[in-house]
Amino acid sequence: MSEKLPFRFGSEVYTWFMSNSGQTHQGRLGHMIEVISKAGFTGIQPIFTWMGDLIDPDLLEAKLKEQGIELAALALALEWNEAEETEREREVADHAIRVLQRFPGAVLNTVQIPTGRHHLAQRQASLVDIVNRVSARAAEKGVLCSYHPNSPHSSIIRTEEDYKIVLESLDSSVTGWTPDVGHIINGGMDPLSKMKEYQALINHVHYKDWNGDPEFALMGKGKVDLPGITQWLKDINYTGWIICEDEGEEALEDPDFVTLHDGKWIQEELIPGLV
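Residue numbers (my numbering): 14 to 288.
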């Protein structure tokens, strides 16, 4: 899909998770790997707490090899609502780090599950401290880390002011930033401008499209300048992953179709337009 480009394209599994809060496609990570490979992607980013039997590194490695794709990253999605990690949160994070040690180069992608914007300043400070601590433990094990803000109205990292506070507080020696272009525009910002502003932090990228009706759209059908952003990433020689995390409403009924569409759109429309 991207043999002549500095970056590679992969796919997230949230497209399947959207239906019934993950219940519809629970335990089907093997199927997702197959569809993502069929779509032409070369990497996958599972949600760590939603991997079923393939949370076993041996089983995961075998399935990935069978389909000829790589583990690009794991999404570590936890609430992190206390001043420090809870005992359970630390156990989950450390388990994810152990799994990633089996897959050199794969990213620990930390993301907070949104639960409201109450006590905002205090909770933002606590989140940054926790993310930095998780990343420091991962870095000690040789695992690359990247923090992923999101944009639901209950998220504490969704506006331009939020981004400034949190991104500028990340420990850049152990934590990078994952700009999710759909979440950035959904939070009222221009994705490319924000990416240029914090370019030095970028070590992982998420793509989704957005039309504001009310939020996300099938890739290529919305208002995000994906060609312009991709061209810029090529121009700066970005060498990480671009992970497609399509949240178009079509995914609720047919996530396989959405994933195959995204792969085809990238191959037939996005890449040919690059210079």
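Note that CB positions come from ideal geometry on N, CA and C, so glycine has one too.
Source: prediction; values computed, not measured.
Minimum C-alpha distance to residue i - residue among the options
i, options, result
"residue 206", "108, 221, 230, 245", "245"
"residue 44", "272, 285, 282", "272"
"residue 275", "51, 169, 35", "51"
"residue 31", "269, 147, 181, 225", "269"
"residue 63", "137, 47, 177, 36", "36"
"residue 67", "47, 42, 82", "42"
"residue 158", "223, 106, 20, 230", "106"
"residue 11", "138, 75, 81, 53", "Residue 11 falls outside the range modelled here, since the chain spans only 14 to 288, and no answer is possible."
"residue 97", "114, 141, 113", "141"
"residue 136", "170, 111, 116", "170"
"residue 115", "143, 173, 84, 160", "84"
"residue 202", "223, 187, 53, 188", "223"
"residue 90", "70, 160, 53, 78", "160"
"residue 213", "181, 86, 95", "181"
"residue 87", "262, 25, 178", "25"
"residue 177", "184, 72, 211, 218", "211"
"residue 219", "34, 256, 278, 243", "256"
"residue 47", "33, 75, 20", "75"
"residue 229", "179, 262, 282, 82", "262"
"residue 49", "29, 34, 39", "29"
Residue environment, residue i, which counts as buried when at least 16 other CB atoms sit within 10 Å
i, result
"residue 154", "exposed"
"residue 260", "buried"
"residue 285", "exposed"
"residue 125", "buried"
"residue 258", "buried"
"residue 109", "buried"
"residue 249", "exposed"
"residue 233", "buried"
"residue 216", "buried"
"residue 252", "exposed"
"residue 134", "exposed"
"residue 78", "exposed"
"residue 17", "exposed"
"residue 23", "buried"
"residue 227", "exposed"
"residue 288", "exposed"
"residue 19", "exposed"
Helix, strand or coil at residue i [DSSP, three-state]
i, result
"residue 20", "coil"
"residue 93", "coil"
"residue 83", "strand"
"residue 25", "strand"
"residue 187", "coil"
"residue 131", "coil"
"residue 33", "helix"
"residue 199", "helix"
"residue 159", "strand"
"residue 219", "strand"
"residue 288", "coil"
"residue 106", "helix"
"residue 119", "coil"
"residue 212", "helix"
"residue 137", "helix"
| said: Would the stretch 163-170 count as touching the stretch 117-131 if we require 3 or more Cβ pairs under 8 Å? | reply: For the pair of segments examined, the stretch 163-170 was found to touch the stretch 117-131: the number of CB pairs separated by less than 8 Å reaches three.
| message | For a minimum of 3 consecutive residues, which ranges assigned as the beta strand (DSSP E) are wholly contained in the stretch 227-282? | response | Considered as a whole, the stretch 227-282 harbours 254-257 as its complete beta strand (DSSP E) runs of no fewer than 3 residues, in chain order.
| request: Say whether the stretch 102-113 touches the stretch 144-158, bearing in mind that this needs 3 or more beta-carbon pairs closer than 8 Å, one atom from each stretch. | output: Because the criterion of three Cβ pairs below 8 Å is met, the stretch 102-113 and the stretch 144-158 touch.
| message | For the pair the stretch 192-201 and the stretch 237-251, tell me if three or more CB-CB distances fall below 8 Å. | response | With a cut-off of 8 Å on Cβ pairs, the stretch 192-201 is in contact with the stretch 237-251, counting three or more such pairs.
| If you pair each beta-carbon of the stretch 111-122 with each one of the stretch 56-74, do three or more pairs fall below 8 Å? | Flag = yes, the stretch 111-122 and the stretch 56-74 touch.
| field | beta strand (DSSP E) runs contained entirely in the stretch 39-85, provided each spans 3 or more residues | value | The stretch 39-85 contains these whole beta strand (DSSP E) runs: 56-58.
| task | Determine contact between the stretch 203-219 and the stretch 182-192, defined as no fewer than three beta-carbon pairs at a distance below 8 Å. | result | As far as the Cβ criterion goes, the stretch 203-219 touches the stretch 182-192, which means the pair count is three or higher.
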